[in-house]
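Using the numbering used here, you'd call the opening residue of the sequence shown number 76 and step up by one each time.
Where is the CB? At the ideal position from N, CA and C, for every residue including glycine.
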Amino acid sequence: MINVQAVPVGFDQLIKGLGKLPEQGRKAISIAINSSIRKGRTTAGREIRSHYVISQGRIYQEMRQIHSSPGTLYGALESQGPGIPIKDFKLSPKGPQPRRKPVITVEIIKGAPKPYPGGFVVGRFGMHVFSRKGRSRFPIEKQRSTSVPQMLLGERAGPAITTQINDTYTKEAARQIARIVGGRK
76 MINVQAVPVG FDQLIKGLGK LPEQGRKAIS IAINSSIRKG RTTAGREIRS
126 HYVISQGRIY QEMRQIHSSP GTLYGALESQ GPGIPIKDFK LSPKGPQPRR
176 KPVITVEIIK GAPKPYPGGF VVGRFGMHVF SRKGRSRFPI EKQRSTSVPQ
226 MLLGERAGPA ITTQINDTYT KEAARQIARI VGGRK
């Protein structure tokens, strides 16, 4: 989870400087937080897609935005959930191969396809990848990969997302405050 909480330096001085308009100062900071959260979500989708073979829509399904209000100057980009099924990444072969026993290859990280020995594709449950838990025929279990929270906070995409959120917040807060102060004259 990535949090954006507004405790700007000089916020009390800003409210005093606005005189009778302290609610506009809180509204400006709230707008800046919400803008940075939206931009962070877009950046997260782009950064994760630049490193992993997954659709942006699938990433967005696992993320939730918590918007700020003038009363609560807090916003967050949350993501929680289990690992993503392997079928959502690049998989070869895509369907079951009943006559031969191919080794499945899965490309989770771009440019690094890896063989997945022991895995097989079952078409009855939406083309998922399964593997056997023991030597017998059953039980089988659905295979999953990394989750979106791990991708968000990982070393590949995490720093770029955090930097983008902080930069957007700084620029948008300055722009909103200038708008309030400039419109007051």
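- Residue Arg133 holds the alpha-carbon nearest to the alpha-carbon of Lys162 among Ile255, Asp242, Gln99 and Arg133.
- For the set Leu228, Phe205, Ile236 and Phe164, the Cα lying nearest the Cα of Gln218 is the one of Phe205.
- The C-beta of Thr118 has 16 or more other C-beta atoms within 10 Å across all chains shown, which makes the residue buried.
- The DSSP-derived three-state label of Arg199 is coil.
- Proximity to Ile112 across Leu152, Glu122 and Val128 peaks at Leu152, based on C-alpha coordinates.
- One alpha carbon belongs to Gly146, the other to Asn109, and they sit about 13 Å apart.
- The C-beta of His142 has fewer than 16 other C-beta atoms within 10 Å across all chains shown, which makes the residue exposed.
- Taking C-alpha positions only, Pro224 is separated from Ser154 by approximately 5 Å.
- Out of His203, Lys189 and Pro188, the CA that lies nearest to the CA of Phe195 is found in His203.
- Only exposed fits Val178, as fewer than 16 other CB atoms lie within 10 angstroms of its CB.
- In the DSSP assignment, Leu148 falls outside any beta strand (DSSP E) and carries neither an H nor an E.
- For Ser111, the secondary structure class from DSSP, reduced to helix, strand or coil, is helix.
- Taking the C-beta atoms as reference points, Arg207 is found nearer than 9 Å to Gly193.
- Burial is judged here by how many other beta carbons sit within 10 angstroms of a residue's own beta carbon; Arg210 has fewer than 16 and is exposed.
- Judged by DSSP in its simplified three-state form, Ile141 adopts strand.
- In the DSSP assignment, Gly194 forms a beta bridge with Ser206.
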